[in-house]
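Take a look at the structure below.
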Amino acid sequence: MLGELNHRVKNTLTTVQSIARQTLRHASSPESFQERFEDRLLALSQTHNLLTNENWERGSLRALLRQELLPHGAERITLQGTQDVHLAPRAVVPLGMALHELTTNAAKYGALSTEQGLVTVRWSASGSGASEVLRINWIESDGPAVTPPTKHSFGTRLIERSMTKDLQGSAALEFDPAGLRCVLELPLNQL
Amino acid sequence: MSALSGLRLLVVEDESHVAMLVEDMLADMGCEVVASAARVSEALRLIEATDIDAAVLDVNVAGEKVFPVAEKLRDRKIPFVFATGYGADGVREDFRTHPVVPKPFPQSQLRKALTKAVTG
Chain H
436 MLGELNHRVK NTLTTVQSIA RQTLRHASSP ESFQERFEDR LLALSQTHNL LTNENWERGS
496 LRALLRQELL PHGAERITLQ GTQDVHLAPR AVVPLGMALH ELTTNAAKYG ALSTEQGLVT
556 VRWSASGSGA SEVLRINWIE SDGPAVTPPT KHSFGTRLIE RSMTKDLQGS AALEFDPAGL
616 RCVLELPLNQ L
Chain A
52 MSALSGLRLL VVEDESHVAM LVEDMLADMG CEVVASAARV SEALRLIEAT DIDAAVLDVN
112 VAGEKVFPVA EKLRDRKIPF VFATGYGADG VREDFRTHPV VPKPFPQSQL RKALTKAVTG
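Chains as they are written, first to last, in my numbering: chain H, 436 to 626; chain A, 52 to 171.
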């Protein structure tokens, strides 16, 4: 029990070390480093709150989305899922951090950077048994015209990598001029 | 030129944040990360398919122990180090002679452990 707790703490500290290093590498100034670092640290902390509320047994997808998105104004956020999905603890952090990067991106450059912009997240499961897949559709609309980024940001790299590697699924980002879209496809047996 | 420059590395780590940290450190040391696995089965496949000189292994990989990977590397005489939140206690007894880097770690410690592994 104590050994497991120690392991969890050490892993979390290593995650924080990584966030610091990656954020520094991409920061344009000390101020921007501080802002982005604290923001990511808080997101990590919130995924832990979510797990603590559920006794570190599972985390709810809907709660994860609400936690990230609702501070940007409930009236602009639509969450549509046939039913909630219970995520295993080891899936909550990567998915939570990926959703955080999408939210930050929307707040800085996308639909949540203007008064009128909207974010809709739809999710559903399909298939059966080992091939059952959770598909999460992130759709931004009514925001500023989207242009594809010129360089691969840390956020994009993290989203693609963590969905592919940590959760053995996929992430597809589409820089549609009408609004960013992202489709995450995740095997349910990894969640 | 250090003993590490130009080395082709395999990284086995199931958390992207940590994997990206290790890979960045290795790149700073002049190594080339040629294979990265987040599952034991994937690592075993990559060892078969890729020409690697050394490896950095997390111990607990998505609920599985990494030791089958360590065995395969040992059989092929490919040097490796463990990087783990469990410290040396988490490493199986017959692998305790291999360097263990306890998480979290500074780049200098990973460099030292890896240098020790490859120079013997």
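Ideal Cβ positions, reconstructed from N, Cα and C, are used throughout, including at glycine.
Distances from the CA of H/Thr482 to each of H/Trp573, H/Leu522 and H/Gly604 were compared; the closest alpha carbon is that of H/Leu522. Inclusion of A/Val132 and A/Ala168 in the CB contact set at 8 Å is warranted, their separation being smaller than that value.
For the pair H/Glu510 and H/Val568, the Cα-to-Cα distance works out to about 29 Å.
Counting C-beta pairs closer than 8 Å gives fewer than three between the region 465 to 472 of chain H and the region 146 to 159 of chain A, which falls short of the contact rule. Secondary structure at A/Val85: strand, using DSSP grouped into helix, strand and coil. Taking 8 Å as the CB threshold, H/Asn446 lines the interface with chain A. Contact of A/Ser159 with chain H is not assigned, every C-beta pair being separated by 8 Å or more. Under DSSP, the beta-bridge partners assigned to A/Val152 are A/Ala134. Chain A places no beta carbon closer than 8 Å to that of H/Asp474, leaving this residue out of the contacts.
The beta carbon of A/Leu58 lies closer than 6 Å to those of Cys82, Asp104 and Ala105 in the same chain, with the five residues before and after it left out. Between A/Asp109 and A/Val117 a beta carbon distance of about 6 Å is seen, short of the 8 Å cut, so the two are scored as contacting. In its chain, beyond the 5 residues on either side, Lys123 have a beta carbon closer than 6 Å to the beta carbon of A/Ile98. Within 10 angstroms of the beta-carbon of A/Arg96 lie fewer than 16 other beta-carbons, which makes it exposed. Cβ proximity to chain H below 9 Å picks out Ser87, Ala88, Ala89, Arg90 and Glu93 from the region 82 to 103 of chain A.
For H/Pro622, the enclosing beta strand (DSSP E) starts and ends at Gly614 to Pro622.
Listed along the chain, the chain A residues whose CB falls inside 8 Å of the CB of H/Leu593 are Ser67, His68 and Met71. Our two residues, A/Val85 and H/Glu550, have alpha carbons roughly 45 Å apart in a direct line. Residue A/Leu77 holds the alpha-carbon nearest to the alpha-carbon of A/Leu165 among A/Leu77, A/Val69, A/Ala70 and A/Glu64. Of the residues H/Arg493, H/Glu439 and H/Pro579, the one whose Cα lies closest to the Cα of H/Ala541 is H/Pro579.
The beta carbon of H/Glu503 lies closer than 7 Å to those of Leu534, His535 and Thr538 in the same chain, with the five residues before and after it left out. The shortest C-alpha to C-alpha distance from H/Arg525 to any of H/Thr517, H/Ala455, H/Gly494 and H/Asn484 is the one to H/Gly494. DSSP, reduced to helix, strand and coil, places H/Gly494 within a strand of the structure shown.
Annotation: A/Glu66 is outside any alpha helix (DSSP H) and is labelled neither H nor E by DSSP. With contacts defined as CB atoms closer than 8 Å, H/Asp601 and A/Ser87 fail to qualify as a contacting pair. The Cβ neighbour count for A/Ala89, taken over all protein chains shown within 10 Å, is at least 16; the residue is labelled buried.
Contact between A/Gly136 and H/Thr449 holds: their C-beta atoms lie close to 7 Å from each other, under 8 Å. Annotation: H/Thr585 is outside any beta strand (DSSP E) and is labelled neither H nor E by DSSP. When beta bridges are read from the DSSP output, A/Lys116 appears opposite A/Asn111. The DSSP-derived three-state label of H/Leu437 is helix. Proximity of H/Lys543 to chain A, defined by a Cβ-Cβ separation below 8 Å, is not satisfied.
Under the criterion of beta carbons closer than 8 Å, H/Leu608 and H/Thr591 qualify as touching, at roughly 6 Å. Under the DSSP definition of a beta bridge, H/Gly516 partners with H/Trp558.
Here the alpha carbon of H/Leu476 sits roughly 7 Å from the alpha carbon of H/Val451.
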